[in-house]
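Asks: In order, the protein sequences belong to chains Y and A. Heads up, the final residue of the first sequence is numbered 731 in UniProt numbering, and it's a clean run with no missing numbers. Heads up, the final residue of the second sequence is numbered 731 in UniProt numbering, and it's a clean run with no missing numbers. Every residue gets a Cβ at the ideal spot worked out from N, C-alpha and C, and that includes glycine. This one's a predicted model, so the numbers in the text were calculated from it and none came from an experiment. Structure incoming, see below.
There are 2 protein chains.
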Amino acid sequence: MATADVQTNGHVKSSKYGDNMVNGLLHKEQKPSAPAGKNTDKDEIQLVLQSFRLLIADLCQQFNMGHPGSAIGMAALGVALWKYGMKYAPHTPTWFNRDRFLLSNGHACLFQYANHYLANYKSMTWEQLLSYHSERPDSLCPGHPEIEHEGVELTTGPLGQGIANAVGLAIATKNLAATYNRPGFDVVNNHTWCIVGDACLQEGLGCEAFSYAGHLKLTNLTVLYDNNQISCDGSVDLTNTEDVNMKMEACGWEVLDVMDGVNDVEAIVAALEKGRDTSRTKPLFVNIRSIIGVGSAVAGKAVSHGAPLGTQNIADMKKAYGWDTEKKFYLPDQVKDFYKDIPARGEKWVSQWHELVNKYKQAHPDLAAEFQARVEGRIPSDWAKSIPPSFPTEDTPTRKANNYVMKEAFGDIKAFMVGTADLTPSVNMTWKNYEIFNPPDLKPTSGSVGSYKGRYIHYGIREHVMGAIANGLAAYNPGTFIPITSSFFMFYLYAAPAVRMGALQRLPVIHVATHDSIGGGEDGPTHQPVELAALYRAMPNMHYIRPADSEEVAGAWEVSVNYKQGPSMISVSRQTLPQTGITSREGLKKGAYVAKEVQDADVTLIGVGAEFHFAVKLAEKLGIKARVVSFPSYALFREQSKEYQRSVLRRNEGIPSVVIEPYVSLGWERYADAGFNMRSFGHSLPGKYIYDYFGFNIDSMKRKTETFVSDWKNGSIGRGEYTELIDGSAH
Amino acid sequence: MATADVQTNGHVKSSKYGDNMVNGLLHKEQKPSAPAGKNTDKDEIQLVLQSFRLLIADLCQQFNMGHPGSAIGMAALGVALWKYGMKYAPHTPTWFNRDRFLLSNGHACLFQYANHYLANYKSMTWEQLLSYHSERPDSLCPGHPEIEHEGVELTTGPLGQGIANAVGLAIATKNLAATYNRPGFDVVNNHTWCIVGDACLQEGLGCEAFSYAGHLKLTNLTVLYDNNQISCDGSVDLTNTEDVNMKMEACGWEVLDVMDGVNDVEAIVAALEKGRDTSRTKPLFVNIRSIIGVGSAVAGKAVSHGAPLGTQNIADMKKAYGWDTEKKFYLPDQVKDFYKDIPARGEKWVSQWHELVNKYKQAHPDLAAEFQARVEGRIPSDWAKSIPPSFPTEDTPTRKANNYVMKEAFGDIKAFMVGTADLTPSVNMTWKNYEIFNPPDLKPTSGSVGSYKGRYIHYGIREHVMGAIANGLAAYNPGTFIPITSSFFMFYLYAAPAVRMGALQRLPVIHVATHDSIGGGEDGPTHQPVELAALYRAMPNMHYIRPADSEEVAGAWEVSVNYKQGPSMISVSRQTLPQTGITSREGLKKGAYVAKEVQDADVTLIGVGAEFHFAVKLAEKLGIKARVVSFPSYALFREQSKEYQRSVLRRNEGIPSVVIEPYVSLGWERYADAGFNMRSFGHSLPGKYIYDYFGFNIDSMKRKTETFVSDWKNGSIGRGEYTELIDGSAH
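Laid out in structure tokens, this is it:
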């Protein structure tokens, strides 16, 4: 094996280290086998690397699909991680204190699958590995790594998500360690490793993640940059010529270079050891030069990224390696043997950890009991008892009701990690003596000094990474954290790709979205959502909820904290809203309910969220008989029986429904026959003027509703036609 | 006036400069008045600054709303820009060669409005300035700057958008200059100035913009960083402690520091002069230390950001300045006089430019004619003649049809600026001898050397900035550019905030979104849209279009290039699709049309985009009589008359509609009574298996459709209930 070729970058201020590191590989008690030191068999490593590359090539060729290039280029990185660097247990893949690994360049998933096979993850059988891109719907080798499968911490693929998730995982460890570790009892000390490609460094999400992780001084995070300088369009320098190392240093990272990432396993292992070194004061970025598709005729070329190498090319690779060109999917026994001790090593770590936790229980019984509950993802089943049974009756913005409802629970229950994208004064989610999650040695110019025990996260003006970090927190271990994010509703469009990933993975994150309508007023159309709810209402597994007042906010929080099958979004108002006295937290949990029933109704008025009170007032004004339905959530309503749904809407009895919501109508056609909805973007006008400006005026709505019902009755409105009752529009 | 306090940062490699710059302020021919040099009256500048700050304070106090702090802190920057630095003509605000200015921190809009008033923009009357946050819906002073108003280049507010738009404006200038300028005839040489706050540096979008602008070496772009170190939650160092200057240098920017941004107008003017200096090789970033709410009791505090200062506080400010504490909205005549020559100066520049262009017409008549068409935003009215009348009849992905349709037009018409977020091989939008937009001295490792004349933009893996740059290109001057972006449809979720801003501003940008359904196959659910179309279908002013085959792709491009009231999105398939022979480009332009009519129909099958062919096949298989409607666009359909809509759907005749689209149903309830739609996220399976996996199988759909129609006829399906015919779900 070559001499370790770890180089410090010219900009790095940290002390240099070189060959002497090789003998300090991994913590001694974690050392699974002979380190990749000077006694290791060079030829054996080469055999492993060659086998790995050819296996990847064959697997992509099999069905003529897949992404071979970067997986092949990262072969040495795989050996360094799964054989030497990471502390994990393939036969106990959900071990609480395992190192977390994320492949942020998720298209290279085959890299991870093949390493899982080699490391002897039980579910990753040979047959399963061969199912990559086959017709098997139960393949454990999908086109991007998926959270449902052993060894995969989070689903990755959309670029930049993985590195942002990794920041969340590292925050989780820091917080748990600061909260529960005691001298001699490091019950949580796992490390987070994340591989990124060129793309994750270009995506804005990745930039946010790097900047924020550097600020947080997440020393338990190591990013391994697979620097192959190739993307789909060609060489990266077609489009990105920044000095990556310098940028990372500016963001507060320590930077190491590995000059030969293709073959120099030893250098990579030395870098990983540096990553795990807890005396660092910064997260570590390892810039590993690799060659996409190395060993093949398309090495270093974009064409090797997303297409199989071709049979002739693969045969030539085999020939150059001195392999049998006819043999496919060949793994020499020596390669399998190379990894055979991994499961036993892992189980030993698991039992050592259990022993430690048992001793911890004796030494710190109360703390250990709390820790155990966190490990099991339990919060008190009666957690909601701290929610007040009733609320002040004066007009209140629903964003303010957040605080009435949750301040006790946030204070008492450590699973809650509450955060905001720089909108603390707007979202009202702090609690008595809340502590900020920040490095303890950070002395901010304003605001209090925080610590890693802190559970209030100032994400900065970085909505996207906030969403993705929350996903990481939720995925750390089921139920250990209940992450809350918050921003203006409109800026959940910035966070949307992360919110979607949470929904796809069924991660229970709660998003609190304020300023959720034109009622936001003078900030104008850039800040007034009219179409965004359609996205979250359409998103599978997502509970999007618009509570009408404090009472419904209580229901929204209760149902959201209890929902474990995906994210929730609680959409609240900037402006004060009346407490109508006819809302119900129990009703909210069903998505829609009858707030006011009448005999022989002529019409059902559907009111929603911040504008529910319009429906109540309109019902009182109308010259015809109007029922009132509160309809805060499509998703919750759709979980109810058809009988319940019909009893709420009563459209099957021939009663037409009219909805009042100043969003575009898309979606309401399922529940209503007509609506007062927006047909354009909003307008900058103070809240007290804007509803009138757009025609949400009780007198005007009275006239239009009466005319509509009359037309409906006399049959002049076509079946299956949704009638738009608002004419006003601006932008 | 203080000695110029421009400092170079330690990291800057460029030569230092200091006092000697003061005498070289602005290009001599652009100098409007005595430079802010040593002869300028210090007291006068102080009077202007004080007046400006107090005016802002009074304006926010008037209606007890608004963002005073940063506008007050930037007073000196305002003087430097509108009095000295920028080349613009307030009485000819759309002058083609004007400098472009963007306020990326758009909440500080009052800063811009007040400067527009001082600079004598005609529409910004005193009465208008006083209307900030009033009840006037026709106020020219909305809560964020809006493109509709004089002097505002693009609507800003959502953070990071402005700086990204500015990159687009600077690209526009570079491209026009490289294409049309000739020795002695710099017909386009305007500069782009952009103010950013702390937030724009944190947002991922801003990071993408800085990285890409540095790569492009946009020497005609100067960013002025209002470095007040305050955001809503407190001091910026609570959440961001990166070395901003070092990061900017790593991204390829030249960095200058201005240490006293509060008072030192001269230093800022010197920095602006450096910005305009065309001998630079990089864009310029000026780090200007300022103090939010300076002069008030809340100076340097977050509370001054988004709330009025308070009457007592304002009175104290006035007292400290020696002003009459009772006077409100007071502008001394001397201050108005200070700006009075601005319009005449601007008109002189305008006429000089017209003179230059007239001489250019004589010297280069053909080029000048083409330039004139660009200035007027004209492309040949018969541009679409290059679209073939018919296409190959073999199965073709609609993404490939992009090339059939547009390669001639892209090649011939220079208004087209085609770009991609690293998906050139996937989107098929290059043309013969296309040239890449890149600095001419860039020699990429792979791919050809480009130039600023290039019209193909490799945006890198930066979807969000791609969308925002395209907005900047479109807003440079109406019709001068027709920007095209491209990516996977799913990654238009990353770009969505920019796409929305384009829709809000009615900017004609065309987004080409490929891999637009589960048919994308093995990439899996991260890359398979199921809910995203709901967002774009709900977005006002947006034409979201899913063409079914090459013929409809032709219609989609034609209608999109001709649509000037907002963006279009052409949503195309990864997979090959049959050419059914019953589609029509003219039909597409109406959003939906009857592709196959039958007498006494039992059902209407609605087919959409990549899955239209399922409707055609199903109609053939059914044991009942089925009409077939192709329905590529809600937005286009809604522009048609109610009569046309009824003639297409015929639901008013009692014929039920069944839609086939593997997206969630949201929205289809308006047009259909039942649907084969997704109820979950997708799944990783090769394209040839995935439709069956989710139940989009002709035999299965035949049975379900027949049962549904039978139930419909016998009345067992409730009115107003949308019937979901697919059971399958995955994630």
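1) I'd like to confirm the pairing. Which residues does DSSP put opposite Y/Asp-226 in its beta bridges?
2) Under 9 angstroms between C-beta atoms, does Y/Cys-194 make it to chain A?
3) Spatial neighbours of Y/Gly-667 within its chain, please: C-beta separation below 8 angstroms, excluding the five flanking residues on both sides.
4) Rounded to whole angstroms, what's the CA-CA distance from A/Gly-519 to A/Pro-525? Just pull it up for me.
5) So, helix, strand or coil for A/Lys-596, using DSSP?
6) Can you give the Cα-Cα distance for A/Pro-483 and A/Asn-471, rounded to whole angstroms?
7) My guess is that residue 757 of chain Y and Y/Tyr-459 are in contact by the Cβ rule of under 8 angstroms, so how many angstroms apart are they, rounded?
8) Using CA coordinates, which residue listed in Y/Asn-313, Y/Leu-367, Y/Gln-112 and Y/Ala-80 is at the minimum distance from Y/Ala-267?
9) With a cut-off of 9 angstroms, does the C-beta of Y/Gly-587 fall near any C-beta of chain A?
10) Output yes if chain A places a C-beta closer than 9 angstroms to the C-beta of Y/Met-65; else output no.
11) So the alpha helix (DSSP H) A/Trp-193 belongs to, where does it begin and stop?
12) For A/Glu-127, does the count of other Cβ atoms within 10 angstroms reach 16, so buried, or fall short, so exposed?
13) Can you pull the chain Y neighbours of A/Asn-652, defined as C-beta to C-beta under 7 angstroms?
14) Helix, strand or coil, according to DSSP, for Y/Pro-397 in the structure here?
15) Would you verify that the beta carbon of A/Gln-30 is, or is not, closer than 9 angstroms to some beta carbon of chain Y?
16) Measure the C-alpha to C-alpha separation of A/Thr-241 and A/His-67 and round it to an integer number of angstroms.
17) For Y/Ser-386 and Y/Met-74, which I take to be in contact (beta-carbon distance under 8 angstroms), what is that distance rounded to the nearest angstrom?
18) Counting only Cβ-Cβ distances shorter than 9 angstroms, please list the residues of the region 490 to 506 of chain Y near chain A, keeping chain order.
19) Given that a residue counts as buried once 16 or more other Cβ atoms are within 10 Å of its Cβ, and exposed if not, what is A/Asn-39?
20) Report the partner residues of A/Phe-481 according to the DSSP bridge assignment.
21) Could you check the C-alpha separation between A/Gly-728 and A/Ile-163 for me, to the nearest Å?
22) For chain A, find out if any of its Cβ atoms is closer than 9 angstroms to the Cβ of Y/Arg-374; answer yes or no.
23) Going by alpha carbons, who is nearest to Y/Asp-413 out of Y/Ala-421, Y/Asp-441 and Y/Pro-380?
24) Tell me whether residue 732 of chain A sits in a helix, a strand or coil according to DSSP, three-state version.
25) Got a sec: which bits of the region 689 to 716 of chain A sit with their beta carbon under 8 angstroms from any beta carbon on chain Y, in order along the chain?
26) May I ask you to report which of helix, strand or coil DSSP gives Y/Gly-675?
27) Could you give the distance in angstroms between the alpha-carbon of A/Leu-129 and the alpha-carbon of A/Ser-351?
28) Label A/Gln-362 either buried or exposed according to how many other C-beta atoms from any shown protein chain fall within 10 Å of its C-beta, with 16 as the threshold for buried.
29) Return the chain-ordered list of same chain residues with a C-beta closer than 7 angstroms to the C-beta of A/Thr-278, the five sequence neighbours on each side being excluded.
30) Starting from A/Ser-647, trace the alpha helix (DSSP H) both ways and give me its first and last residue.
31) Candidates A/Lys-642, A/Val-509 and A/Lys-327: which alpha carbon is nearest Y/Glu-721's?
32) Grab me the residues of A/Gly-24's own chain with a C-beta within less than 6 angstroms of its C-beta, minus the 5 sequence neighbours each way, in chain order.
33) Find the residues of chain B that neighbour Y/Tyr-459, judging by a C-beta separation of less than 8 angstroms, and give them in chain order.
34) Please return the same chain residues whose Cβ sits closer than 7 angstroms to the Cβ of A/Lys-621, not counting the five positions on each side in sequence.
35) Mind listing which residues of the region 529 to 544 of chain A have their C-beta closer than 9 angstroms to chain Y's C-betas, in chain order?
36) Which of the three DSSP states, helix, strand or coil, is assigned to Y/Phe-488?
Replies: Result, derived from the coordinates:
1) Y/Ile-288
2) no
3) Ala-533, Ala-534, Arg-537, Ala-538 and Tyr-634
4) 11 angstroms
5) strand
6) 8 angstroms
7) No answer is possible for residue 757 of chain Y: it lies beyond the span of chain Y, which begins at 1 and ends at 731.
8) Y/Ala-80
9) no
10) yes
11) Note, A/Trp-193: premise wrong, no alpha helix (DSSP H); beta strand (DSSP E) at 192 to 196.
12) exposed
13) Gly-718 and Arg-719
14) strand
15) Since pLDDT at A/Gln-30 reaches only 33, below the 50 mark, its modelled position is unreliable, and no value is offered.
16) 25 angstroms
17) In fact, because the Cβ distance is near 49 angstroms, the residues do not count as touching under 8 angstroms.
18) Met-490, Phe-491, Leu-493, Tyr-494, Ala-496, Pro-497, Arg-500, Met-501, Ala-503, Leu-504, Gln-505 and Arg-506
19) For A/Asn-39, the predicted model reports a pLDDT of 43, less than 50, meaning its position is unreliable and no value from the coordinates is stated.
20) DSSP lists no partner for A/Phe-481.
21) 45 angstroms
22) no
23) Here residue 413 of chain Y turns out to be Ile, not Asp, going by the sequence shown. Measuring from the Cα of Y/Ile-413, the nearest candidate turns out to be Y/Pro-380.
24) In the structure as shown, chain A begins at 1 and stops at 731. Residue 732 of chain A is therefore absent and cannot be evaluated.
25) Tyr-689 and Tyr-693
26) strand
27) 29 angstroms
28) exposed
29) Thr-219
30) 642 to 649
31) A/Lys-642
32) Because the pLDDT at A/Gly-24 is just 29, under 50, the model does not fix this residue reliably, and the value given afterwards should be weighed accordingly. Hits under 6 angstroms: none found.
33) No chain B is present in this structure, whose protein chains are Y and A.
34) Ile-698 and Lys-702
35) Val-530, Glu-531, Leu-532, Ala-533, Ala-534, Leu-535, Tyr-536, Arg-537, Ala-538, Met-539, Pro-540, Asn-541 and Met-542
36) strand
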